[in-house]
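Engineer: Chains as they are written, first to last, in the UniProt record's numbering: chain A, 1 to 287; chain B, 1 to 287.
Idealized CB from N, CA, C, for every residue including glycine.
There are 2 protein chains.
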Amino acid sequence: MSCIIERLAIVGVGLIGGSFARALRQAGAVRHVVGIGRSRANLEHALSQGIVDEISFNATEGVAGAQLVFISIPVCSISAMVGAIAPSLAPGCIVTDGGSVKAEIVRECEKLIPEGCHFVGGHPIAGTENSGASASFATLYQGKRCILTPTERTDREAYETVARLWRVAGANVCSMDPERHDRILAEISHLPHAVAYALVHAVGTADAEGENVLSYSAGGFRDFTRIASSDPVMWRDIALMNRRALLASIDGFSASLAELRRRIDSGDSPGLAEFFTIAKQFRDGIL
Amino acid sequence: MSCIIERLAIVGVGLIGGSFARALRQAGAVRHVVGIGRSRANLEHALSQGIVDEISFNATEGVAGAQLVFISIPVCSISAMVGAIAPSLAPGCIVTDGGSVKAEIVRECEKLIPEGCHFVGGHPIAGTENSGASASFATLYQGKRCILTPTERTDREAYETVARLWRVAGANVCSMDPERHDRILAEISHLPHAVAYALVHAVGTADAEGENVLSYSAGGFRDFTRIASSDPVMWRDIALMNRRALLASIDGFSASLAELRRRIDSGDSPGLAEFFTIAKQFRDGIL
Ligand SMILES: NC(=O)c1ccc[n+]([C@@H]2O[C@H](COP(=O)([O-])OP(=O)(O)OC[C@H]3O[C@@H](n4cnc5c(N)ncnc54)[C@H](OP(=O)(O)O)[C@@H]3O)[C@@H](O)[C@H]2O)c1
Ligand SMILES: NC(=O)c1ccc[n+]([C@@H]2O[C@H](COP(=O)([O-])OP(=O)(O)OC[C@H]3O[C@@H](n4cnc5c(N)ncnc54)[C@H](OP(=O)(O)O)[C@@H]3O)[C@@H](O)[C@H]2O)c1
């Protein structure tokens, strides 16, 4: 593979940014990678593992001379970061991100990106419940979807470069408008996380009432609640930033649960079988 | 291992009953196993796989001469089955079950079991989302917990025999009263299943509104909703039979979700971080 990017800057060398760097490096698609962050331990780990070639604690210095900047920090910090680095970007630089929410980020970043530079919003549908550079791995994106969210302001060539990098990293790229992204992700990702956190919260609290409930949990419970081990700061930010779509999804879910509760309460045996059968069909359909 | 049971009858040779027979057979703890059920295909599969030595479509005939009868059919059918086989049980026969709900079953079965025979309630905390004899395997109970629910009416020797069989099958046996079992299981198993079914129902229905939402689901969603692939009839029965405890658990969960929703709606950033952090701590505590 010939090199696509001479100098790549990764702002936030965690699970998402670290894995992006690893995958591109392994494919020979980047020459030099600068890792930008705040804590020494994480960046030095990234350096020692060869995820990045150089580290910087100062984003405006770190992005200088980069052809592409990938921002992979919690969503509420992304547009402020773009604002901060804007004056230091090289002419023609492409800025893209991996944030789990898109509409607000894209709207803000398109305003902040300087003339002659380009912003392309993105979100890889891949992850684990672990975080930091040490959780990253080169094959994270293999066979996974990456959603890009171009708008009518998006530069065609910049979009193609970003799409090409994601394909090199192993992802299947698709595109949709930012609002649609946020509604879909609210349903299939943000709602399940909210529900998992609320479930563990509820069961863990029942625990406190003298019954050591959680100690009886078996494999099913552990699998079901694994996503509640995800990073609280990342999910606080996602919940806040995709608030409107997430609230609508929570309300849709609450209505389903209320309907199920009603059928249990009234002893509606055929209604319960029907409810569970429909859900099982939906679930089996995505296997 | 010396043989513990000469003649074992399994009523319902599915995941739970089939795995119990396989494990005991492999350990040499049973001499002859009769499989009892309704559909020819399932029982003939069990016979051809050597899970059972003999099959019967008539429970009253099938249990004749057995020292132990294990009942592993959906919970709402268990006590009726005990009533039906009661006249055919050999003197001294032990009847036990693997049903996921206990209080009502134990109460009913203790009334129905004939003088000189013994009932012991049980529930192995092990399973998968698959069902039928073909889903069974000998190591299902290895290292898993099995809860027995003796009462003051339970025969000590019968209890010890059942406990010994579960240990031979690989399980760690513990005991508690049936009502406590039902409250704990409502929290760690029945509530998560209800929530998973409701979630898939809600997201699958959002799907119908023109956005092909489920097709965007990734690994996290699939893991999270795997338990919604479980058998609808089994879960209908569990929801109906553990109605009271399950409704209380659903209400506890709904209160947690409502609190989370409130914090999202009001943009309570520290409150959200706190909520997610507490849940993550509970979850990480059960790893
Ligand atoms: N995890 C997933 O499943 C997943 C999937 C798809 C998309 N995403 C998105 O990807 C982004 C990163 O998530 P992640 O899972 O990679 O998180 P992560 O593993 O915690 O990595 C984030 C990194 O960013 C650094 N960082 C945080 N705030 C920063 C700031 N204000 N300025 C500079 N660096 C900062 C952190 O290091 P320091 O603390 O040392 O600065 C950390 O190494 C988020 O927007 C998330 O929504 C996550
Ligand atoms: N799956 C789990 O994760 C799990 C875990 C712990 C406990 N349990 C409990 O174990 C029991 C069995 O569950 P399972 O997962 O083994 O289900 P399963 O795989 O569907 O097996 C149940 C078997 O019982 C037979 N059956 C159903 N109704 C019957 C009836 N009225 N009379 C005679 N046979 C009948 C079925 O065969 P035919 O249709 O051919 O009769 C089937 O093979 C349930 O009480 C459940 O609550 C399940």
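Is the segment 54 to 62 of chain B touching the segment 78 to 89 of chain B, taking contact as three or more C-beta pairs under 8 Å?
Structural biologist: Output reads yes: the segment 78 to 89 of chain B touches the segment 54 to 62 of chain B.
Engineer: If we define contact as Cβ-Cβ less than 8 Å, is Gly-285 of chain B a contact residue for chain A?
Structural biologist: Gly-285 of chain B counts as touching chain A.
Engineer: Three or more beta-carbon pairs under 8 Å between the segment 149 to 157 of chain B and the segment 28 to 37 of chain B, yes or no?
Structural biologist: Output reads no: the segment 28 to 37 of chain B does not touch the segment 149 to 157 of chain B.
Engineer: Since Val-95 of chain A sits in a beta bridge, which residues does DSSP pair it with?
Structural biologist: Paired residues: A:Val-69, A:Phe-119.
Engineer: Determine contact between the segment 123 to 136 of chain A and the segment 90 to 102 of chain A, defined as no fewer than three beta-carbon pairs at a distance below 8 Å.
Structural biologist: Yes: at least three Cβ pairs fall under 8 Å.
Engineer: Applying a beta-carbon distance threshold of less than 7 Å, which residues of chain B neighbour Glu-187 of chain A?
Structural biologist: Within 7 Å Cβ-Cβ: Val-203, Ala-206, Val-213.
Engineer: May I ask you to report which of helix, strand or coil DSSP gives Ser-56 of chain A?
Structural biologist: Strand.
Engineer: Between which two residues does the alpha helix (DSSP H) carrying Glu-157 of chain B extend?
Structural biologist: Unbroken alpha helix (DSSP H) run through Glu-157 of chain B: 156 to 168.
Engineer: Check whether chain A comes within 8 Å of Ile-73 of chain B, counting only Cβ atoms and requiring the distance to be less than that.
Structural biologist: Not an interface residue.
Engineer: Excluding five sequence neighbours on each side, which residues of the same chain lie with their C-beta closer than 6 Å to the C-beta of His-118 of chain B?
Structural biologist: Once the five neighbours on either side are set aside, the close Cβ partners of His-118 of chain B are Ile-94, Asp-155, Ala-158.
Engineer: Would Val-168 of chain A pass as a contact of Phe-253 of chain A if the rule is Cβ separation under 8 Å?
Structural biologist: The answer is no: Cβ separation not under 8 Å.
Engineer: In the DSSP assignment, find the alpha helix (DSSP H) that holds Ile-113 of chain B and state where it starts and stops.
Structural biologist: Where Ile-113 of chain B is concerned, there is no enclosing alpha helix (DSSP H), given that its DSSP letter is neither H nor E.
Engineer: Is Met-234 of chain A near ligand 1, going by C-beta to nearest heavy atom under 7 Å?
Structural biologist: The answer is yes for Met-234 of chain A.
Engineer: Is any heavy atom of ligand 1 found at a distance shorter than 7 Å from the C-beta of Thr-60 of chain A?
Structural biologist: False, no ligand heavy atom lies under 7 Å from that Cβ.
Engineer: Would DSSP call Gly-210 of chain B helix, strand or coil?
Structural biologist: DSSP places Gly-210 of chain B in coil when its eight states are reduced to three.
Engineer: With DSSP as the reference, label residue 299 of chain A as helix, strand or coil.
Structural biologist: This structure gives no information on residue 299 of chain A, because the portion of chain A shown stretches from 1 to 287.
Engineer: Give me the Cα-Cα distance between Val-11 of chain A and Ile-73 of chain A, rounded to the nearest whole angstrom.
Structural biologist: For Val-11 of chain A and Ile-73 of chain A, the distance between alpha carbons rounds to 7 Å.
Engineer: Could you run through the segment 218 to 235 of chain A and flag, in chain order, every residue whose CB is less than 7 Å away from some CB of chain B?
Structural biologist: Under the 7 Å Cβ criterion, the segment 218 to 235 of chain A contributes Ala-218, Gly-220, Phe-221, Arg-222, Asp-223, Phe-224, Thr-225, Arg-226, Ile-227, Ala-228, Ser-229, Pro-232, Val-233, Trp-235.
Engineer: Is Gly-99 of chain A near ligand 4, going by C-beta to nearest heavy atom under 7 Å?
Structural biologist: As far as ligands go, the structure on display features ligand 1 and ligand 2 and does not contain ligand 4.
Engineer: Rounded to whole angstroms, what is the Cα-Cα separation between Gly-132 of chain A and Val-13 of chain A?
Structural biologist: Cα to Cα, Gly-132 of chain A sits roughly 7 Å from Val-13 of chain A.
Engineer: Between Leu-15 of chain B and chain A, is there a C-beta pair that is closer than 8 Å?
Structural biologist: Chain A contact via Cβ: absent.
Engineer: I'd like the span of the alpha helix (DSSP H) that includes Arg-183 of chain B, first residue to last.
Structural biologist: Element bounds for Arg-183 of chain B: 178 to 185.
Engineer: Using a Cβ cut-off of 8 Å (strictly closer), state whether Arg-261 of chain A contacts chain B.
Structural biologist: Answer yes: the Cβ-Cβ gap between Arg-261 of chain A and chain B drops below 8 Å somewhere.
Engineer: Run the proximity test for Arg-262 of chain A: is its beta-carbon closer than 7 Å to any non-hydrogen atom belonging to ligand 2?
Structural biologist: It does not: the Cβ of Arg-262 of chain A is nowhere closer than 7 Å to a heavy atom of ligand 2.
Engineer: Under 8 Å by Cβ, that's how I've got Leu-246 of chain B and Ala-239 of chain B pegged, so tell me the actual separation to the nearest angstrom.
Structural biologist: Confirmed, Cβ separation roughly 6 Å.
Engineer: At a cut-off of 7 Å, would you count Ala-29 of chain A as near ligand 1, judging by its Cβ distance to the nearest heavy atom?
Structural biologist: Checking every heavy atom of ligand 1 against the Cβ of Ala-29 of chain A, none is found closer than 7 Å.
Engineer: Would you kindly report the start and end of the unbroken alpha helix (DSSP H) that includes Gly-89 of chain A?
Structural biologist: The displayed chain sequence assigns Leu, not Gly, to residue 89 of chain A. No alpha helix (DSSP H) holds Leu-89 of chain A; DSSP gives it neither H nor E.
Engineer: Answer yes or no: the CB of Pro-270 of chain A versus the heavy atoms of ligand 1, is any distance below 7 Å?
Structural biologist: False, no ligand heavy atom lies under 7 Å from that Cβ.
Engineer: Anything in chain A within Cβ reach of Arg-243 of chain B, meaning under 9 Å, just list it in chain order.
Structural biologist: Going along chain A in sequence order, the residues near Arg-243 of chain B (Cβ under 9 Å) are Ile-264, Asp-265, Gly-267.
Engineer: Below 7 Å, is the gap between the Cβ of Ala-133 of chain B and the nearest heavy atom of ligand 2?
Structural biologist: Yes.
Engineer: Since I believe Lys-280 of chain A is in contact with Ala-228 of chain B (beta carbons under 8 Å), could you give me their beta-carbon distance rounded to a whole number of angstroms?
Structural biologist: With a Cβ gap of about 6 Å, Ala-228 of chain B and Lys-280 of chain A count as contacting.
Engineer: Return no unless some Cβ of chain A is closer than 8 Å to the Cβ of Pro-192 of chain B.
Structural biologist: Pro-192 of chain B counts as touching chain A.
Engineer: Would you say the beta carbon of Thr-128 of chain A comes nearer than 7 Å to a heavy atom of ligand 1?
Structural biologist: For ligand 1, at least one heavy atom lies less than 7 Å from the Cβ of Thr-128 of chain A.
Engineer: What residues from chain B crowd round Ile-5 of chain A, counting only those whose CB sits closer than 7 Å?
Structural biologist: What Ile-5 of chain A touches in chain B: nothing, since even the nearest Cβ is about 26 Å away.
Engineer: Mapping DSSP to helix, strand and coil, what is Glu-152 of chain A?
Structural biologist: If DSSP states are grouped into helix, strand and coil, Glu-152 of chain A belongs with coil.
Engineer: Identify each residue in the segment 110 to 136 of chain B for which the Cβ-Cβ distance to at least one residue of chain A is less than 9 Å, and report them in chain order.
Structural biologist: Listed by position, the residues of the segment 110 to 136 of chain B near chain A (Cβ gap below 9 Å) are Ile-125, Ala-126, Gly-127, Thr-128, Glu-129.
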